[in-house]
Amino acid sequence: MTLCKQETYDETLDYHRRALKMQEKYCSSCQRDIANTLNYIGNILIRQKKYDENINFYERALNVQEKYYPTGHVDIATTLINIGTTFCQQEKFDKAIEYHQKALEIQEKYYPPGSIIIANTINSIGHILYDERKYDAVVDYYRRGLSIQENFYPNGHIDISHTFSFIGDILYKQKKYEESFQLYHRALTIQEKYYEFDHIDIAKSLNSIGKVLYSRGKYNEAIDFYQRSLTIREKYHPFRYAGIATVLSNIGKALHWQRKYDEALDFNQRALTAREKFDATNHIGIADSLIDIANVLRDQQNYNEAIEYQQRALMIREHHYPSGHVNIAYCLSNIANMRKRRGEHELSLIYQQNCFLIRIKILPPDHEDIGHSLSSIGEIYDKLHKFTLALHNYQQALAIYRKCLPSCPINIWMLKSNIQRLSKKLGIELN
């Protein structure tokens, strides 16, 4: 196990494979030990992300255990969880839940009702549902897990703080900011009492509270919490570069909203440098930093540099996302808008049309982003004096906005105004 912790996986695998051969040859009756070794091998392979190979060893272990324990056993539940974890890593979420549910049924049979092992499995199912974005179901599982933890542990146990954070994350995703804020604070209170020094959990909770405040437009307060998180990370966890970059980026976003553009640029550049230097495989994070910088430069009306950063982000996203991904469309739209501001209407039209082609394929037909694309295309045709095409796109955009944005009268009013103006210019009577 020491070798495994040192990540010398191949050497560790070799020892376990040799042990397995000896067990199968000289101790074929030791079925429990054979199953354990099969699981050990699977555990190493999953760390190496060799999912097809590792699941084979887990399934072999499960087969041995089901024969050895014909009436059931908690060891079977452990192997089922291992298989479910593999499916989760492969984003086969339905299968992952299926295996975790089987494990939970066994655990509920063999452990007392308030067992913390049951709570851990319930929370694991919650994690999978979170990855599936089934947020309502997630909260139910986390609350079940929390109920067991609060009965099992003394008041203020660190695992309870983690579950508070899990539930807070869901409520944040659901834009239930006040509830998520309270849960993050409860998690932080436990963590500050539990840890003798500034632990990474405290830094994470401070960042989470900052995110809620940012989402509520309380930028000064958000920055205070972000800065506290950053101080802990840089002082006590300086080699956790990904987390440091995330907080730097969060501070940059808050400063951007305050129109403190030079400060925002500084933090966003620091985030980009950290990601490119120490987290180079985090291509998505690097692209996000490039976009953050581009957005600040755009608002400074530095369109040349802004477009350069957006183009770099677009290249990364096109390489690492599947063709036609919504985030590729986002980059195309940003570049189109900046080209339009520079008066490069023909170029802007190309980017906006490419964005529209992606959105029309992957989004519902009445999605507001499709309306935004049509409206933008209409504006470009308008600038190019192609009034018939402009009118057609404005009318399509208006039809979508009336369905999906009835509470945004300004968008609808502007489209109506453009449609009336062009109809009058073209001599077309509106119904």
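Reminder that position 11 of the sequence shown reads as 72 in the numbering used here, one-by-one numbering, no gaps.
All C-beta atoms in this analysis are idealised placements derived from N, C-alpha and C, irrespective of residue type, glycine included.
What is the C-beta distance between residue i and residue j, in whole angstroms, given that I count them as a contact (C-beta under 8 angstroms)?
i      : j      : result
Ala264 : Ile293 : 4 angstroms
Ser350 : Leu333 : 4 angstroms
Asn454 : Gly439 : 3 angstroms
Leu466 : Ser436 : That pair is no contact at about 11 angstroms.
Ile137 : Ile167 : 6 angstroms
Ala341 : Ile377 : 12 angstroms between Cβ atoms; not a contact.
Val273 : Phe242 : 5 angstroms
Ile183 : Cys149 : No, Ile183 and Cys149 are not in contact; Cβ-Cβ is about 15 angstroms, not under 8 angstroms.
Asn311 : Gly271 : 6 angstroms
Tyr370 : Arg403 : About 15 angstroms; that fails the 8 angstroms criterion.
Tyr238 : Ser276 : 6 angstroms
Thr147 : Tyr191 : That pair is no contact at about 18 angstroms.
Ile261 : His218 : About 18 angstroms separates the two Cβ atoms, so there is no contact after all.
Taking all protein chains shown into account, do 16 or more other C-beta atoms lie within 10 angstroms of the C-beta of residue i, making it buried, or fewer, making it exposed?
i      : result
His406 : buried
Gln210 : buried
Thr63  : Residue confidence is low: Thr63 scores 46 on pLDDT, short of 50, so the model does not pin down where it sits. Its coordinate-derived value is still stated next. Exposed: under 16 other Cβ atoms inside 10 Å.
Ala157 : buried
His77  : buried
Ser90  : exposed
Lys485 : exposed
Phe300 : exposed
His223 : buried
Tyr87  : exposed
Ala180 : buried
Asp75  : exposed
Asn479 : buried
Ile102 : buried
Gln67  : Low per-residue confidence applies at Gln67: pLDDT is 47, beneath 50, and the placement is therefore not dependable, though the value from the model is reported in the following sentence. By the 10 Å Cβ count, Gln67 comes out exposed.
Cys469 : exposed
Leu165 : buried
Gly206 : buried
Ile471 : exposed
Ser434 : buried
Asn97  : buried
Gly278 : exposed
Gln162 : exposed
Leu491 : exposed
Can the beta-carbon of residue i be found closer than 8 angstroms to that of residue j?
i      : j      : result
Arg420 : Asp427 : no
His317 : Asn356 : yes
Gly229 : Ser269 : yes
Ser226 : Ser266 : yes
Phe328 : Gly304 : no
Ala397 : Tyr412 : yes
Tyr287 : Ile231 : no
Leu99  : Arg121 : yes
Ile95  : Val125 : yes
Tyr442 : Leu450 : yes
Tyr48  : Phe339 : An answer regarding residue 48 cannot be provided, because it is not within the stretch 62 to 492 covered by the chain.
Glu127 : Phe154 : no
Ile284 : Ile251 : no
Lys82  : Gly133 : no
Ser409 : Lys401 : yes
Leu483 : Leu452 : yes
Leu309 : Arg289 : no
Ala335 : Ala306 : yes
Leu487 : Ile473 : no
Tyr322 : Asp353 : no
Arg108 : Tyr70  : yes
Gln319 : Tyr280 : yes
Ile423 : Met399 : no
Arg79  : Tyr129 : no
Let me see if you follow: with CB-CB separation under 8 angstroms, is residue i close to chain D or not?
i      : result
Lys128 : No chain D appears in this structure, which consists of one protein chain only.
message = For the pair the stretch 136-146 and the stretch 111-123, tell me if three or more CB-CB distances fall below 8 angstroms.
response = yes
request  = Would you check if the stretch 249-257 and the stretch 287-302 touch, i.e. whether three or more CB-CB distances between them fall below 8 angstroms?
outcome  = no
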